[in-house]
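Heads up: the structure comes next, in structure tokens.
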Amino acid sequence: MLPYIAVAAVLFSLGIFGVLTRRNTIGILMSLELMFNAVNINLVAFNKFVWTDALIGQMFAMFIIVVAAAEAVVGLAIVLLLYRNWQGINTDNINIMKW
Amino acid sequence: MDPQLPITNVTETLLAMLPEIFLFCWALVVITIDVVSKRKSETLAGYLSMIGLLITGILLSFSTYGKGFGNMFFNDPMAAFFKIIFISAAFMAIGSSFGITKKKIVNHRGEFFGLILFSTVGMMFLSASREMISLYIGLELTTIPLFVLAAFFKDEKLSIESGIKYFVIGAFSSALLLYGMSFLYGLSGTTDLLSMRLNIAAFHLTFKQIGVVVLISNIMLVAGIGFKLALPPFHQWAPDVYEGAPTPVAAFLSVGSKAAGLVAFAKMFLLALPAFYGTEMFPNDWGMMVGFFAACSMIIGNVVAIRQTNIKRMLAYSSIAQAGYIMVGMLALNEHGLASVAFYMFAYLFANMGAFAAVALFEDKTGSCQIASYEGLSKTSPFFAVSFSIFLLSLVGIPPLGGFMAKYKVFAAAIAQASAHESGQWIYWLVGIGLLTSVFSLYYYANVIRQMYFSKNDSPYTMTYNPAILTVLIIGVLGVLAAGLFPEPVLEFAGQISNSFGF
Amino acid sequence: MGILSWLILVPLIGMVYVMLMPKEKVNLIRYGAVIISVIPMLLSFWLTWDYFFNYSGSAAMAYMEGPYEWIPSLNIQYLLGADGISVPMLFLTGLLSTISLIASFSIKFRVKEYFAFFLLLEAGMMGVFVALDFFLFYVFWEIMLVPMYFLIGVWGGPQKEYAAIKFFLYTLFGSIFMLVAILIMYFTSEPHTLNMLELIDHGPTLSHTLQMVCFIFFFIAFAIKVPVWPFHTWLPDAHVQAPTAVSVILAGVLLKMGTYAMLRINWPMFPKALQDLSFWIAVLGVIGIIYGALVSMAQKDLKKLVAYSSVSHMGYCMLALAAYSSVTAIAGVMFQMISHGLITGALFLMVGVLYDRAHTREIALFGGLGSKLPVYTALMLMFSMAALGLPGMSGFVSEFMIFIGAFGALNKVLVGIAVLGVVLGAAYMLRMFQNVFLGEFNMAKWGGLTEINGRELLTVIPLAILTLAIGIYPKPLTDLLQATLDNLVLLMSR
Amino acid sequence: MTEHSYLIVLLPAFSFLMIVFFLRWKEKIASLFSIAMIVTSLIMSISVLFETIARNGEAYTASFTMAQLGSFKLQLGLLIDPLTAMMLVVVTAIGTCVEIYSIGYMKDDPRFSRFFAYLSLFLFSMLGLVVSDNFFMTFIFWELVGLTSYLLIGFWFEKKSAADACKKAFLTTRVGDLGFLVGLLLIMYYTGTFNYEEVFAKIGMDVFPPAMLTLAAIGVFCGAIGKSAQFPLHTWLPDAMEGPTPVSAIVHSATMVAAGVYLTARAMTVFVASADASFFVAVIGVVTSLLAATIALVQVDIKRILAYSTVSQLGYMIMALGLYGYDTANGHHSPGFYAGTFHLMTHAFFKSLLFMGAGSVIHAVHTNDIRDMGGLLKKMPITAPTFLIGSLSIAGFPLTSGFFSKDEIVAATFGHPVFTVLTLLIAFMTAFYMWRLCFLTFFGKPRDEHRYEHAHESPKTMAYPLIFLAFMAVFVGWTGIPALSHGFASFVFHAEPYHPHADWMNYIVSSIVGLSGIGLAWLMYYKRKIDPDKLAERFKPIYTLFWNKWYFDELYDIIIVKPILAIGRFFWSFDANVVDGAVNGTAKVTLLWADLKWWFDRWIVDGAVNGCGWIVRAFGSLLKYIQSGRMQFYGLFILFFIVAAGIYKFESAYLNGWIFTDFLEVTTLFVILIGFLSYFAKTIVPESTTKPKREE
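Residue numbers (my numbering), protein chains in the order written: chain A, 1 to 99; chain B, 1 to 503; chain C, 1 to 494; chain D, 1 to 696.
As structure tokens, then:
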């Protein structure tokens with residue numbers, strides 16, 4: 001089981017790294033997906049190797065996939081708006097509000 | 001009725017869920033009617049939504065305690081109490097958004113109100129769950145519409161910026177939350193919160209090393225839920241989002257979303273991962289860690305608020321600080337603790353929604369959110385000034401207003417905890433920090449009052465009130481006064497919450 | 001509903017009345033407010049009369065109302081009562097409120113709000129002096145801050161905003177300590193209660209540390225109100241910036257709430273802590289006396305001088321409070337509270353009269369007013385003399401009792417130093433009097449000053465009469481206080 | 001009549017109230033009413049005096065409780081014993097004279113009726129002081145005479161000197177009262193009562209530790225030092241001459257300033273119980289007397305000479321009383337008590353006579369400077385002779401009142417050679433400076449022709465009191481003639497009088513001393529045999545010292561007045577800067593000394609609240625930079641704290657919390673971390689983008 005967990009952890013960390021360092025908003029969205037998928041791997045792995053009697057973990061993962069899709073839709077819509085208002089989706093410019 | 005009594009069949013379960021189901025359908029109806037009526041009417045959608053919320057409230061009063069679908073739907077006193085808060089918050093947020101739907105959101109009124117209603121439904125589900133999956137879904141159903149709502153002014157950079165910030169940080173923390181949850185599942189094999197608590201405890205007896213995992217998931221959960229609460233250091237999105245989002249949305253965020261976070265926190269940490277001060281059951285003494293965050297929140301919120309010139313930003317920091325006070329109540333693991341949290345939320349609802357309604361009204365009228373532009377308002381719009389002052393004073397915690405009663409209750413709970421347990425002595429410091437910073441908070445709240453009252457000049461603006469916002473302001477004032485002067489029924493109700501959590 | 005509830009309720013009704021009046025009907029508001037405030041004044045007079053003849057023989061609470069359940073889940077009750085130490089305070093509050101309202105006729109703008117706030121303030125003050133439930137007490141204590149904040153902030157002098165927020169912050173800062181102490185008391189009592197009378201029995205059973213903590217917390221809260229040196233810096237600002245009538249209330253009633261609360265709560269509840277700390281309290285008192293007097297001497301602003309003299313005068317109260325074992329000293333506290341209320345109230349009114357005419361309070365700008373304004377000068381002389389403790393006035397009786405009592409109970413050298421305050425008090429008052437009223441009159445500059453008018457006389461004459469009456473024949477007051485104070489001293493010496 | 005003696009006190013008070021409230025506008029009626037009241041009091045006093053003699057001097061007492069708390073009582077009461085009865089007559093008699101005199105003297109004053117009101121108030125207070133039966137009541141009236149003295153000195157308050165003088169008088173006497181108050185507190189503490197007779201009885205019972213008794217006695221005597229203008233508080237009395245002359249005549253020579261002597265006599269039992277205190281009293285008395293006499297030698301202001309003479313004579317009385325206490329405490333007999341009170345009475349008459357005479361002279365020539373007078377004897381046929389009679393009396397010319405009373409004082413010093421010598425020296429000086437005054441004023445050639453021409457005799461209302469007082473100045477002392485078996489002594493003692501030794505010897509010595517003083521003055525200022533100016537030139541340092549009144553005013557100004565004002569100012573700025581702005585740092589405190597005022601103005605806006613507020617705001621200014629505006633920074637922030645919390649939790653769970661245990665510690669650490677991060681955030685965001693494009 002541990003390899004799976006490790007892969008998930010690596011994936012999660014990569015996701016975090018991506019979210020925090022990408023300048024491209026789409027890239028950030030993709031990194032977020034990485035993080036969600038890391039969680040999914042975790043859940044499924046636990047279900048498969050530890051708690052095999054019920055499918056709770058897999059069910060949870062299904063829900064997460066659905067919700068992540070919905071989130072991605074909203075996110076992409078906002079990115080479109082970003083593009084329209086800033087003529088670009090680079091995060092460097094998106095700091096009008098501060099302090 | 002005994003909250004533990006199961007609802008036996010699906011029909012009854014669905015009946016128990018009737019308010020949520022109704023509100024969900026009503027939201028669709030609102031959107032549909034707005035589209036069908038070709039978006040002609042300025043107010044139709046708004047009033048429809050308010051009526052829907054009222055009906056939901058009435059339905060709520062018929063619903064019973066009990067659970068269904070495993071523990072996925074669990075109607076306990078906490079659920080009932082917080083549903084009232086969510087509905088009221090939504091009601092007041094909608095009431096204060098007539099100004100922007102009249103001018104700014106001309107083509108999407110139905111969607112705007114519909115999304116608020118959807119988010120409310122999410123919160124209601126969230127509050128009625130004792131299970132991780134439904135909790136997560138409730139949380140997301142709450143948050144995703146709010147992402148949209150924050151970015152609702154499609155042509156305003158500020159709004160878009162607040163939307164993207166809210167979205168990225170929100171998704172980021174929900175990923176963190178999920179990661180923590182996944183480990184909890186891994187340790188217990190269940191998503192039911194009560195069984196999870198027992199399973200982990202049993203597991204820990206035989207296998208001490210899982211403590212590290214619990215620890216990690218603990219922190220992940222705090223971070224994920226802390227985001228919803230805007231609890232420092234997970235608060236940074238809040239000022240930006242509050243400033244950029246439409247004011248009623250900010251109001252709804254500050255009350256509804258925060259209350260949802262509280263519920264989630266209570267469920268996760270009091271049911272699944274209870275902290276035991278001083279025992280070595282497993283290393284999830286989250287108490288002191290959350291204590292640091294609460295202390296930081298009170299300090300940072302109140303201190304930084306002093307420096308703000310934009311009133312929405314100031315209120316954002318104020319709500320960050322208020323989260324700290326609420327968490328003080330949460331840390332009191334006794335019969336007063338949860339009750340005080342619930343009551344605080346109740347009092348805070350009226351004061352904060354009222355304050356945001358006043359800000360929204362002023363913004364609609366003048367287009368400005370600067371504190372300085374409130375100068376001299378007491379002469380031209382006395383009702384506005386009086387009610388706004390009452391809200392602010394309630395937020396400071398001046399008796400006999402609700403805010404004071406709430407702070408009293410919270411600090412009473414904390415001191416009861418501190419004086420009862422040797423290991424809880426540090427809570428005294430927390431109370432001390434809380435009280436001290438509440439004195440600082442006077443400085444910036446009073447600053448607004450000062451602008452409105454102390455100036456010799458007359459304000460160039462005179463407020464005019466539409467019926468909806470008038471209702472909101474009046475409800476706010478009455479609520480604040482009632483929570484301060486006759487809080488007994490609410491306190492009693494809140495007391496049941498503690499009981500239902502086994503304190 | 002008993003008489004004490006009406007004392008609180010009538011001003012609130014008055015506030016509603018004022019709020020319902022249209023803002024243009026200035027006279028309807030002013031006279032209405034005064035007339036309504038006369039009712040609690042008469043009630044408080046009757047109360048004093050009735051208490052003196054029917055209840056003053058015993059230390060028990062009279063006119064008890066309640067306990068009615070208010071918030072049962074927190075054991076908060078509506079419980080009112082009055083005894084020998086609250087009745088004189090109610091008398092003072094009733095009288096000074098009406099007088100201040102009459103003096104407020106010189107307020108020219110935003111009259112409606114002013115009178116509404118003022119009546120709210122009166123309700124709060126009355127409440128503090130009759131509340132016997134801690135929570136209720138705290139509510140009344142805090143309720144007053146808001147109208148006070150507005151009264152200073154809207155109608156005050158040039159630095160009003162600063163003074164208002166400073167006052168508000170300072171007192172709120174004190175209040176949080178009180179809140180913590182109240183909560184500790186509540187949770188350590190068994191069964192949990194907020195009833196002050198029961199907690200007075202509960203207090204001494206606490207552990208020594210806890211007693212000390214609670215004592216100090218309460219003390220900070222009340223000391224800020226008194227104000228005890230070094231918590232006094234809000235006072236000069238608030239006094240000077242506030243409009244006349246508000247200064248009168250501040251000096252006459254609000255400062256007394258601190259000492260009253262010490263007598264009511266702090267002192268009898270934690271006798272052990274009191275015994276440990278009494279020396280230091282006396283030291284603070286003596287510092288206050290000397291410091292206040294010295295600083296007064298350096299003042300250039302008439303009102304600031306009077307304000308700092310309050311610090312000095314309240315220092316006497318603290319000195320006497322430290323001498324808790326002496327009935328004479330505690331009686332001296334009560335006398336000093338009343339006489340300071342009357343005298344300093346009157347001095348503020350007088351300064352206000354001058355300010356209304358001259359639009360300045362700079363001592364150095366005046367001189368020789370005695371020849372132009374004989375009546376005003378005579379009254380001012382009388383009140384200055386009363387303030388410096390001339391026999392025949394209430395100030396003397398109180399100071400004398402304080403010295404006698406404190407000398408018997410405290411460190412003799414300390415009291416000896418405190419006696420210096422008598423000379424210093426004379427020094428700053430006479431210096432002020434000389435510079436303003438004696439010397440050559442500047443006809444060109446102040447020729448236009450007019451003599452004190454009938455309305456203003458109406459406000460100060462009652463104070464003058466009372467000052468003299470208490471100074472010449474204090475026996476009724478001592479009789480009224482005797483039983484209560486005996487009991488109090490017994491409680492404090494436990 | 002004795003049982004109604006409270007009326008003696010109350011009638012002047014009634015007169016005061018009537019004038020203030022009803023008769024203020026009718027000057028004539030006001031003055032007449034006031035005189036009627038005091039005359040009534042005088043008649044009653046005389047009858048009280050005779051009744052007291054008839055009672056063989058037994059004391060009459062009555063009391064009224066002002067306030068009571070348990071055993072603690074504040075009472076007002078009457079104590080009519082011979083001393084009281086004597087003083088009552090003296091006060092009312094001189095009061096009557098002065099009021100009549102004032103009709104003329106104050107004739108055209110715009111505040112004529114107010115003057116009578118004040119005089120009545122003064123008489124009320126003085127009589128109250130006289131009849132008091134306890135220390136408390138004495139203290140009350142003690143202060144009230146202080147007030148009236150203040151009012152009367154400052155009667156012409158438009159003059160700056162008068163305004164200064166009245167304040168000085170009040171404050172200086174109040175310094176003495178401080179000691180009085182401490183004495184009272186000690187007495188109350190040890191005896192539990194204020195009543196004279198009870199206190200005396202308790203002293204007999206040894207309730208006092210000796211040291212405390214001495215302290216109490218000296219404390220009470222401090223009151224006398226202030227009120228009777230004894231060294232070192234004597235400086236106010238000469239300045240008090242700024243008041244109208246009738247005021248000087250009654251308040252500042254005959255009655256109020258004698259109150260100190262009266263109090264010392266009244267409380268004699270206390271002094272008798274403490275030899276140390278008595279000796280202190282005697283020393284103070286003689287020092288004062290000598291000091292004042294030396295100053296009087298060179299002064300040129302007629303009223304000031306009389307004022308210093310008053311101080312000197314009061315010192316005389318005090319010394320006599322002190323020696324009595326000392327001798328009695330040591331078991332010797334002494335006539336000091338009798339001498340002191342006797343001189344008090346005679347001095348009251350001749351000194352008020354002298355003052356009124358001086359007032360008459362001033363009225364005539366409109367100057368106080370005796371160098372501008374001369375030869376007035378011809379111009380003032382009534383004033384001059386009466387004044388000379390008064391001068392004879394004070395100089396101790398045989399068979400005048402002063403002769404008998406001064407004689408007894410000399411007798412009281414027997415057994416203390418130093419005192420005897422000094423006493424005789426002072427008597428000599430007294431005779432000299434009084435007659436210097438007389439010769440310069442009334443004899444010789446007029447030195448200012450203009451003033452001389454316009455001089456005229458005063459009106460009758462002023463003249464008649466002079467005649468009456470001159471009569472008294474000669475004959476009142478005869479009540480104490482040894483030949484009449486020491487009538488006064490036996491009366492005051494109401495017991496077997498003590499006969500001093502060597503009466504005749506004594507008389508001869510003091511006569512010689514007095515006459516030689518007059519003779520020297522005659523030689524110097526009438527015959528001009530010795531040139532006073534040359535003398536002054538020769539003894540220049542001493543002359544300058546005397547001329548400048550031993551520099552006491554300057555000294556007090558430097559060591560007391562200035563420091564107190566400076567301290568006041570310092571505390572004030574302390575208040576504004578340090579207490580108020582505790583955070584502003586110690587560095588600023590040092591600068592504070594540089595220019596207090598500037599700092600006050602600069603920092604008044606920074607209060608403790610604002611001071612704290614300053615910290616809070618500064619902190620707020622820093623912390624707000626964590627809001628860098630970049631969402632990825634926010635994420636980083638979250639991550640950072642997840643790691644931080646992880647470290648903390650791991651440490652507390654598995655390393656047994658050996659790094660972080662305290663809640664406050666970690667909270668502070670967290671806040672500091674956030675502060676650091678915000679500083680970091682501030683530095684990484686380029687300045688160009690810090691300008692928000694929001695609506696502001």
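Heads up, the beta-carbon is just placed ideally off N, CA and C, and yes, glycines get one too.
In the DSSP assignment, B:Gly66 falls outside any alpha helix (DSSP H) and lies within the beta strand (DSSP E) extending over Gly66 to Gly68. Approximately 48 Å separates the beta-carbon atoms of B:Glu492 and A:Ile94; this is outside 8 Å, ruling out the contact. In this structure D:Tyr433 is buried. Its beta-carbon is surrounded by 16 or more other beta-carbon atoms within 10 angstroms. Counting only runs of 3+ residues, no beta strand (DSSP E) is found wholly inside the stretch 106-147 of chain D. Taking a beta-carbon distance threshold of 8 Å, B:Ile398 counts as an interface residue toward chain C.
Among the residues facing chain C, B:Phe411 is included, as its CB has a counterpart in that chain under 8 Å away. With respect to chain D, the C-beta atom of B:Leu215 has a partner C-beta closer than 8 Å. A distance below 7 Å between beta-carbons, with the five flanking residues on each side excluded, links A:Leu32 to the following residues of its chain, in chain order: Gly15 and Val19. For the stretch 452-483 of chain C, residues whose beta-carbon sits nearer than 8 Å to a beta-carbon of chain D comprise Ile472, Tyr473, Pro474, Lys475, Leu477, Thr478, Asp479, Leu481 and Gln482.
Listed in chain order, the non-local C-beta contacts of D:Ala217 below 6 Å within the same chain comprise Val270, Phe271, Ser274 and Ala277, local neighbours out to five positions each way being set aside.
The criterion of a C-beta distance shorter than 8 Å is satisfied by D:Leu323 and D:Thr413. Under a 10 Å Cβ-count criterion, B:Ser500 is classified as buried, with 16 or more other Cβ atoms of the shown protein chains found around its own Cβ. For the pair of segments examined, the stretch 114-126 of chain C was found to touch the stretch 36-50 of chain C: the number of CB pairs separated by less than 8 Å reaches three.
Assignment of beta-bridge partners to D:Asp327 by DSSP yields no partner. For B:Ala418, no Cβ of chain D is located within less than 8 Å of the residue's own Cβ.
Within the stretch 243-305 of chain B, the complete alpha helix (DSSP H) segments of 4 residues or longer fall at 247-252 and 258-265, listed in chain order. At least 8 Å separates the beta-carbon of C:Leu235 from that of C:Ser175.
For C:Pro67, the enclosing beta strand (DSSP E) begins and ends at Ala62 to Ile71. Not one beta carbon of chain B lies nearer than 8 Å to the beta carbon of C:Phe217. In this structure, the straight-line span from the alpha carbon of C:Glu456 to that of C:Ser247 is close to 15 Å.
When C-beta distances to chain C are compared with 7 Å, the residues of the stretch 49-73 of chain D below that value are Thr65, Met66, Ala67, Gln68, Leu69, Gly70 and Phe72, in chain order.
Counting the other Cβ atoms within 10 Å of the Cβ of C:His359 gives fewer than 16, which makes it exposed.
It is roughly 10 Å from the alpha-carbon of D:Met317 to the alpha-carbon of D:Gly260.
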